[in-house]
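Here's the structure, in structure tokens; my notes come after.
2 protein chains.
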Amino acid sequence: MTKPPTPSENEAQPFTVAGLRMDVLEGAFSWYIRAIDAVVSRDLDQRTAHLDVAKGKGKITALLLVDGHPGIRPSQIAEVLMRDRPATGRIIDHLVKAGDIRRESDAEDQRAQALYITDKGSALAQEVRDIIREQQDDFFDFIPPEDRDEFMRMLQRAYINMRNKLK
Amino acid sequence: MTKPPTPSENEAQPFTVAGLRMDVLEGAFSWYIRAIDAVVSRDLDQRTAHLDVAKGKGKITALLLVDGHPGIRPSQIAEVLMRDRPATGRIIDHLVKAGDIRRESDAEDQRAQALYITDKGSALAQEVRDIIREQQDDFFDFIPPEDRDEFMRMLQRAYINMRNKLK
DNA sequence: AGCATTGATTGTGTTTTACAATTATCTAGT
DNA sequence: ACTAGATAATTGTAAAACACAATCAATGCT
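Chains as they are written, first to last, in this note's numbering: chain G, 1432 to 1598; chain C, 1432 to 1598.
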């Protein structure tokens, strides 16, 4: 690939992918967010391929939420996942069929369900947590530990900020 | 959104969504990345709903790449998008039918195509860039300008690091 | 010339995803 | 207490995204 004239007023490193300068993407946060999401998601799919939560768009989150919040309702999970209730219900179906969680009817509200982790699900949750930690160590090893906290705070702030603006 | 049900005992709020403590998600970068991606993507879909590139999973990137790299090949776009060639080909089909780009056959390699922006596409690209900039200003206004560069560098490093590990 | 490689398209089947409609339960107002 | 409206969840369905296999054409290497 020929070396193009470097952009005059742009001092950011014009880094390339497939021989293409990426500065044409307007240096948009959103593009990198999406790309990182794609890589991380695929990698996570591979690492969890042998588990009930494989190919997870929301199964992992649902499992960990139930594990950490006994008696949680499907609608609460839906809100965290930012999915509608039907989609969330099917994720829960899947986990129930696999024997990782169980449904009970909420004592305070007969309409609602209360979800609880099973022994099998609890073991699975622990396994998933280990996998997530491994992935984090592998992918973010270039960030020194003290900067990881900073990065995490930045992501949390972005997430909170965005959620607040949506309503 | 549900009402905040926990102004009772805790003052060091550990960060909740829908009344649920989120620390059960293992403080995983990947979870926040995915959530932010979902919010940003939906918002971008709304902002571009009236354009040819609406509902874009890759159309916007493809358009900007062609605009910034005259003569680019579909396979190069596929590599940036991290999609397979069939998926990329259909995105290009869509943009060609809409009259935003045009195909020519590459002079150096008769198998390959060389893609060029049209006047219509060029105007669209400018419009898209404006929208992206607006979105960035809206969503990341909580980050002071000097920290935005830092955040951006962090994202770029994460992206590069991940891509390198995939090979 | 022969053969493996690369660029691109078409076709197909699976999986997501959102939306509408339905049932059951709760809450509020009269 | 009773009705009206809101909320929790499920089922059904249609549209869209996505990956994989097969095919065809052009290139390059030996």
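All C-beta atoms, glycine included, are put in the ideal place defined by N, C-alpha and C.
Pop quiz: residue 1531(G) and residue 1512(G) are said to be a contact at Cβ under 8 Å. What is the actual Cβ separation, rounded to whole angstroms?
No, residue 1531(G) and residue 1512(G) are not in contact; Cβ-Cβ is about 16 Å, not under 8 Å.
Cβ of residue 1457(G) within 7 Å of any chain C Cβ
Closer than 7 Å: yes.
Which value, in whole angstroms, describes the spacing of the CA atoms of residue 1534(G) and residue 1486(G)?
Here the alpha carbon of residue 1534(G) sits roughly 23 Å from the alpha carbon of residue 1486(G).
Within 7 Å of any Cβ in chain G, is that where the Cβ of residue 1595(C) sits?
Not an interface residue.
Reducing DSSP to helix, strand and coil, say where residue 1482(C) ends up.
Looking at residue 1482(C) - three-state DSSP - the assignment turns out to be coil, as it is neither helix nor strand.
Between the alpha carbons of residue 1449(G) and residue 1467(G), how many angstroms are there, rounded?
In a straight line, the C-alpha of residue 1449(G) is about 17 Å away from that of residue 1467(G).
Rounded straight-line distance, which links the Cα of residue 1585(C) to that of residue 1435(G)
With a pLDDT of only 48 at residue 1435(G), under 50, the local geometry of the prediction cannot be trusted, and no value is derived from it.
Using a beta-carbon distance below 7 Å, is residue 1586(C) in contact with chain G?
Yes, its Cβ sits closer than 7 Å to a Cβ of chain G.
If you draw a straight line from the C-alpha of residue 1488(C) to the C-alpha of residue 1518(C), how long is it?
Cα to Cα, the separation comes out at about 10 Å.
Would you identify the three-state DSSP class for residue 1532(C), choosing helix, strand or coil?
Reduced to three states, the DSSP call for residue 1532(C) is strand.
Report all residues from its chain with a CB closer than 6 Å to the CB of residue 1462(C); omit the five preceding and five following residues, and keep chain order.
So the qualifying residues of the chain are 1456.
Quick one: which chain C residues come within Cβ less than 8 Å of residue 1481(G)?
The contacting residues do not exist; residue 1481(G) stays about 19 Å from chain C at best.
Residue interval of the alpha helix (DSSP H) (run including residue 1512(C)):
Residues 1505-1512.
I need the straight-line Cα distance from residue 1575(C) to residue 1505(G), nearest angstrom please.
Looking at the two C-alpha atoms, the distance is approximately 38 Å.
With a threshold of 7 Å between beta carbons, is residue 1507(G) in contact with chain C?
Interface annotation, residue 1507(G): in contact with chain C, CB-CB separation under 7 Å.
Here's the rule I'm using: 16 or more other beta-carbon atoms within 10 Å means buried, otherwise exposed. How should residue 1498(C) be labelled?
By the 16-neighbour rule on beta-carbons within 10 angstroms, residue 1498(C) is buried.
Is the beta carbon of residue 1508(C) less than 7 Å from the beta carbon of residue 1496(C)?
Contact flag set, yes.
Backbone secondary structure at residue 1464(G) - three-state DSSP
Assignment of residue 1464(G) by DSSP, reduced to helix, strand and coil, places it in the helix class.
What would DSSP say about residue 1449(G), mapped onto helix, strand or coil?
The answer is coil: DSSP assigns residue 1449(G) none of H, G, I, E or B.
Give the residues of chain C in contact with residue 1590(G), contact being defined as C-beta atoms less than 7 Å apart.
Under the 7 Å cutoff, chain C gives 1463, 1466, 1467.
DSSP puts residue 1548(G) in a beta bridge; with which residues?
In the DSSP output, where bridge partners are listed per residue, residue 1548(G) has 1532(G).
Output yes or no for whether 7 Å exceeds the beta carbon distance between residue 1470(G) and residue 1593(C).
A contact, by the Cβ cut-off of 7 Å.
Measuring only the C-alpha atoms, how far is residue 1484(G) from residue 1502(C)?
CA-to-CA, the gap between residue 1484(G) and residue 1502(C) works out to about 43 Å.
If you follow the alpha helix (DSSP H) that residue 1487(C) is part of, which residue opens it and which one closes it?
Taken as a continuous stretch (DSSP letters only), residue 1487(C) belongs to no alpha helix (DSSP H), as it is neither H nor E.
Cβ of residue 1565(G) less than 7 Å from any chain C Cβ?
It does not; no Cβ of chain C falls within 7 Å.
Quick check on residue 1538(G): does DSSP put it in helix, strand or coil?
In this structure, residue 1538(G) counts as coil in the three-state DSSP scheme.
Between residue 1471(C) and chain G, is any beta-carbon pair separated by less than 7 Å?
At least one CB of chain G lies nearer than 7 Å to the CB of residue 1471(C).
Tell me the DSSP secondary structure of residue 1584(C) in three-state form.
Helix at residue 1584(C).
Distance between residue 1582(G) and residue 1564(C) (C-alpha atoms, nearest Å):
Distance between the alpha carbons of residue 1564(C) and residue 1582(G) is about 22 Å.
Pop quiz: residue 1375(G) and residue 1571(C) are said to be a contact at Cβ under 8 Å. What is the actual Cβ separation, rounded to whole angstroms?
Because chain G in this structure spans residues 1432 to 1598, residue 1375(G) falls outside the shown range and cannot be described.
Alpha carbons only, please: which of 1549(G), 1567(G), 1475(G), 1474(G) is nearest the one belonging to residue 1528(G)?
Relative to residue 1528(G), the option among 1549(G), 1567(G), 1475(G), 1474(G) whose CA is nearest is 1549(G).
Have a look at residue 1541(G) and residue 1587(C) and give me their C-alpha separation to the nearest angstrom.
Each residue's alpha carbon lies about 49 Å from the other.
Is it buried or exposed for residue 1551(G), if we count other Cβ within 10 angstroms and need 16 for buried?
Classification of residue 1551(G): exposed, given that the 10 Å Cβ count is below 16.
Coarse secondary structure for residue 1589(G), derived from DSSP in three states:
When DSSP states are grouped into helix, strand and coil, residue 1589(G) belongs to the helix group.
Taking DSSP as the reference, what is the three-state secondary structure of residue 1502(G)?
If DSSP states are grouped into helix, strand and coil, residue 1502(G) belongs with coil.
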